[in-house]
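First the structure, in the form of structure tokens, and then the observations on it.
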Amino acid sequence: MEYRPIGIFDSGFGGLTVLKEIEQALPQYDYLYFGDNARAPYGSRSFETVYAYTLEAVQWLFNRGCPLVILACNTASAKALRTIQQKDLARIAPERRVLGVIRPVTEMVGKMTRSRHIGILATAGTVASQSYVIETNKYFPDVTVVQEACPMWVPLVENNEFAGNGADYFVRHHINRLLGADPLVDTVVLGCTHYPLLEKKISRYLSAGIAVISQGAIVAQSLADYLLRHAEIAERCTTQGRRDFYSSETAEVFERSAILFYGRPIHCRQKS
Ligand code: DGL
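Sequential numbering of the sequence shown, starting at 17, is according to the working numbering.
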């Protein structure tokens, strides 16, 4: 049977929070997930390294038959997507597509904010790339974007400490810094795959009336729209409802923590 899944790439587990929402919106498609856990986190890595690792992953997913790859990782979307789309695709696979998670979210929040001031919480790498600022201001030049890097949040989540009291200190610290930098913010974007797990605590330290935006559902809706608008890509993706999971780490390590992000057990294989 033909198998041409939609590829979902993340630096590790986090993209599972995005896949979960995509699957809910588009359950019929086949999905091939690859998490580069052996080399995660990407959030603190250089532009060159994130770009090289992401391109390698995209090529691997193309070689497994994916007509379309979603970079579910914000850091990879921020640091590698544009170069892959503008430079590499024409050379390696002109008929295939790679999409990221930043553009759909900025399109949505730019329409939502009333104060025209939005806040971005993300990894240091995503913040340094300025991608959220650039993408937002492309369509909404009147919106002020303030960013805050939260380097401790990914390890808190990965170590299953996101619900504990220890997490409160780091969440409060970064929320205070974000709102201190711009008290007019009325919409806050969780610009990292891991932050939805901290959403309860994040909301606790934001004043009522500030909207918190998780990207999974927005990315899922945007993918559904994309497939409607691009029948030539949609037709190439197979629809047997199949799910495959690969990690650059051992299957055991991936399976142990994946449930935190995906909500149910996963059978994973190690990428050779
Ligand atoms: N997946 C990354 C992101 O969304 C977070 C984890 C990492 O730093 O690798 O930015």
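Note that the Cβ used here is the ideal one computed from N, Cα and C, for glycine as well.
- Under the three-state reduction of DSSP output, F25 falls in the strand class.
- Taken from the Cβ of G207, at least one heavy atom of the ligand DGL lies inside 8 Å.
- Shortest Cα-Cα distance from N192 to any of G51, I218, V143, A140 involves I218.
- Relative to the ligand DGL, T139 has its C-beta within less than 8 Å of a heavy atom.
- Y58: not part of any beta strand (DSSP E); DSSP gives it neither H nor E.
- Look at the region 211-284 and you find these whole runs of alpha helix (DSSP H), each 4 residues long or longer: 215-221, 232-245, 247-250, 267-278.
- Excluding sequence positions up to five before and after V74, its CB lies within less than 7 Å of the CB of F25, V85, I100, V114, all in the same chain and listed in chain order.
- I249 sits away from L32, with the two beta carbons spaced by 9 Å or more.
- Taking 9 Å as the cut-off, the Cβ atoms of V201 and S263 do not count as close.
- Taking the Cα of P110 as reference, the smallest distance to any Cα among P83, E123, N176 is reached at P83.
- With a cutoff of 8 Å, N90 counts as near the ligand DGL, since its C-beta is closer than that to a heavy atom of the ligand.
- With contacts defined by Cβ atoms closer than 9 Å, F29 and F186 do not form a contacting pair.
- By the neighbour-count criterion, in which a residue is buried when 16 or more other Cβ atoms sit within 10 angstroms of its Cβ, S288 is exposed.
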